[in-house]
Amino acid sequence: MKHDRFKFIYICVLTAGTIAVLIKAHFYPNKPIQATFEVPQTLDLPDWSLKSSSPINDNQRTFQSGRTYQYQQKQTTIDIEIRHIINTDGDVRDYFQVYQSIVPTQPIIQQKNGFYGLFTHQNRTYLSTCINPKGESTFTGVQFARNRNLYDIRPDRIALWLFSSTNLRDERCLWVQLSTTNRDRELLEKTWFTLYPKLRDRFRV
């Protein structure tokens, strides 16, 4: 008898919860998280000299802010692009196709201080990654989704999601791209390891 009563209560709670979620989805659809983040005008890169820095103004509907930089160290130059992308699935390969018409061919995906991809296109070597709101950096949509499920689906966020229009997952990405013409992958990695913690901490403030 107690077992049947417990089962009845469980079914009632489950049904009520399902109805509440359906009502919320219909009358109060979720809005993507669009926390404002301004990409900095300069980057903290010791031993490098800033040659240029300019905002990216194209396709503003798909990202909130963006900037291109060129830094020089002796005879070596490195180009950097950063975009704050919102409501995204976090797939860096898609970003290259959408924003630069580049299809990364067999990128080498490394896992050092998070994930990033390395590849060469038309005599230019690229390192690219997505800094996440929480969790390590990612390169693929699967890695990004894993972070969102791991860090965003928590009891406090579920409660906030149920009783507000806030999206359950924080689907923002700070897309960072470094490139150089000298095919020096070690240089790109060294620069990225210097830049990553500073950008990550600034993005998560």
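Read the sequence shown against our numbering and you will find it ends at 662, with the numbers running on by one and no gaps.
For every residue, glycine included, the Cβ atom is placed at its ideal position computed from N, Cα and C.
A quick note: this is a predicted structure, and the numbers were derived from the prediction, not measured.
Using beta-carbon positions only, say whether R605 and D627 come within less than 8 Å of one another.
-> For the purposes of this step, residue 605 is taken as residue 148 along the sequence shown, with counting starting at 1. For the purposes of this step, residue 627 is taken as residue 170 along the sequence shown, with counting starting at 1. A contact, by the Cβ cut-off of 8 Å.
Looking at C-beta atoms only, is the number of pairs between the stretch 578–595 and the stretch 545–554 that lie closer than 8 Å three or more?
-> yes
Per DSSP, E538 is paired with what?
-> Sequence index remark: in the sequence shown, residue 538 carries index 81 (1-based). DSSP, once it has assigned bridges, lists T525, Q634 as partnering E538.
Kindly indicate the opening and closing residues of the beta strand (DSSP E) around F572.
-> Start at 1 with the first residue of the sequence shown, and residue 572 comes out as number 115. F572 -> beta strand (DSSP E) spans 572–578.
Determine contact between the stretch 535–550 and the stretch 630–642, defined as no fewer than three beta-carbon pairs at a distance below 8 Å.
-> yes
Which one of R540, Q567, W505 has the shortest CA to CA distance from K531?
-> Within the sequence shown, residue 531 is the residue found at index 74, counting from 1. Among R540, Q567, W505, the Cα nearest to that of K531 belongs to W505.
Less than 8 Å between the CB atoms is what I'm expecting for Y528 and W649, so what's the real figure, rounded?
-> Translated into the one-based positions of the sequence shown, residue 528 becomes position 71. Translated into the one-based positions of the sequence shown, residue 649 becomes position 192. Between W649 and Y528 the Cβ distance is about 13 Å, and since that is not below 8 Å, they are no contact.
Helix, strand or coil at L500 according to DSSP, with G and I counted as helix = Taking the first residue of the sequence shown as position 1, residue 500 is located at position 43. Reduced to three states, the DSSP call for L500 is coil.
Does DSSP put T533 in a helix, in a strand, or in coil?
-> Indexing the sequence shown from 1 puts residue 533 at position 76. Here T533 sits in strand by DSSP.
Give the range of the beta strand (DSSP E) segment to which T586 is assigned.
-> Taking the first residue of the sequence shown as position 1, residue 586 is located at position 129. From DSSP, the beta strand (DSSP E) with T586 extends over 581–588.
Starting from K647 and walking both ways along the beta strand (DSSP E), at which residues does that stretch end?
-> By 1-based counting over the sequence shown, the position of residue 647 is 190. Segment 642–660 is the alpha helix (DSSP H) holding K647; no beta strand (DSSP E) there.
Within the same chain, show all residues whose beta-carbon is closer than 6 Å to that of K508, passing over the 5 residues directly before and after it, in chain order.
-> As a first step, residue 508 is located in the sequence shown; it is residue number 51 there, counting from the start. Closer than 6 Å at Cβ, skipping near neighbours: Q527, Q529.
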